[in-house]
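**Student:** Residues in the sequence shown are numbered from 213 upward in steps of one, following my numbering.
Don't be surprised by glycine CBs; every beta carbon is placed ideally from N, CA and C.
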Amino acid sequence: MLLLWVLLATVTGGLIAVLVASWLAYKVFAHYLHHMVSLSVGVLLSVALLHLLPEAFESGVADAHVLFGLMLASLIGFFVLEKIALLRHSHHHEGDGHHHHHGHDRHEAGRGGVLILVGSSLHNLCDGVLVAAAFLTDPLLGVLTAASIIVHEVPHKLGDFVVLLNAGLARRRAFALILFTSLCSALGGIIGYFVLQQAQDWVPYVLVVAASSFLYISVADLMPQMHERVSLADAVPQLLLVGVGVVLIYSVTTLMHHGHEHEAGAGAARTEHVHTH
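1. Give a yes or no on whether the C-beta atoms belonging to Ala237 and Leu337 are separated by under 8 Å.
2. So the candidates are Gly340, Glu267, Leu370 and Asp339; which of them puts its Cα closest to the Cα of Val232?
3. If you draw a straight line from the C-alpha of Ser250 to the C-alpha of Phe280, how long is it?
4. Starting from the Cα of Leu329, find the closest Cα among Ala358, Ala221 and Phe392 and give me that residue.
5. Less than 6 Å between C-beta atoms, sequence neighbours within five positions excluded: which residues of the same chain meet that for Leu348?
6. At the level of alpha carbons, what is the spacing between Ala359 and Gly225?
7. For the alpha helix (DSSP H) holding Gly226, just list the boundary residues, first then last.
8. Count the other CB atoms within 10 Å of the CB of Met213; is the residue buried (16 or more) or exposed (fewer)?
9. Looking at Ala260: is its Cβ nearer than 8 Å to the Cβ of Ala423?
10. Since Leu434 and Ser252 are thought to touch, with beta carbons under 8 Å apart, how far apart are those beta carbons, to the nearest angstrom?
11. Alpha carbons only, please: which of Phe387, Leu256, His246 and His277 is nearest the one belonging to Leu227?
12. Closest to His439 by CA distance: which of Thr222, His246, Leu395 and Phe241 is it?
13. Using beta-carbon positions only, say whether Ile362 and Ala229 come within less than 8 Å of one another.
14. Name the two residues that bound the continuous alpha helix (DSSP H) containing His439.
15. With distances taken from CA atoms, which of Leu342, Pro367 and Leu256 is nearest Val355?
16. Excluding five sequence neighbours on each side, which residues of the same chain lie with their C-beta closer than 8 Å to the C-beta of Gly307?
Pasting the structure below:
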C-alpha cells in the first residue's frame, strides 16, 4: 500500500509540474522565448548551486574530495560529448557549400537539449528516492515532500521547455521528452522503496552529476546565446531575468528547508512524547 502512495505521489507530482510548466512556456511566455533563455540560466545555476550540490555535500555519505572529483570528471565528460558531436557535425557538412549558419546554431542548441534531458532524468530519479524515503519515515512527511518537489520542479521544468524549444524541437516532442524525464521520479521511488539504504548512498553522486550537467548547459550553451545580443537594451533584461531565476529558486529552496526542519522537529517531539509515556 505504501508503494502505491509513493508511485501516486511521484507520477502525479511529475504530471502537475510538467502541465503547469508547459502552460507557462506555451501560453504565457511563448512570445518571449529569447528572454526566457536568461531566466533558464538563473534557474539552472540556482538549482545546481543552491539545491543539488548543498544536498549532496550535506548528506555526509560521500567525501567532499570525491564529490568535487566527480564534478570535475562530469564537466570534462560533457565537454568531450559536445566535442564529439561537433566533430561528427563538421564531418557531415565537410565540403557542403550550402551549409547555413542558422542550422549550425540549431545544432549547437540541440546539444544543450540532450544534456538538459540527461540532467533532469538524474535529478528526478533522486527526487523519487527522496519521496520514498519520506513516506517510509512518515506518510505525512511524504506528502509534504512530494508537494514541495512539485513547487520546486515547476520553474525547473519551465527552464527545460525553454532549452528544448530554443533547440528547435516541436512543442509536442518537447512535452513528451520532459514528461518522460519527470516519470523517472517514479523509477526513483521504486528504487528507494525496495533498496532504500543502498539508494540513499548513491544519491549524492547522482546529484553531483545532475548539477554538473546544469552548470555546463548554463555556461557552455545558454550564456553564449545571451552574449549574441550585445546592446544595453538586451543586457538589462537579461541580468534582471537571471536575477529573477535565482530569487525564485532561492525562495523555493528556503521554503523547502524550513518545511523539512519543521517536520523533523515535530517528528522528534512525537518520539520524545511516546518515550516519556
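**Tutor:** Taking the coordinates as given:
1. no
2. Put simply, of Gly340, Glu267, Leu370 and Asp339 the residue whose alpha carbon is nearest the alpha carbon of Val232 is Leu370.
3. 27 Å
4. Phe392
5. none
6. Ala359 and Gly225: Cα-Cα distance of roughly 7 Å.
7. Leu214 to Trp235
8. exposed
9. yes
10. Indeed, because the Cβ distance is near 6 Å, the residues count as touching under 8 Å.
11. Phe387
12. His246
13. yes
14. Met435 to His439
15. Leu342
16. Below a pLDDT of 50, predicted positions are generally treated as unreliable, and Gly307, at 49, falls in that range; the measurement from the model is reported next regardless. So the list is empty, once near-sequence residues are dropped.
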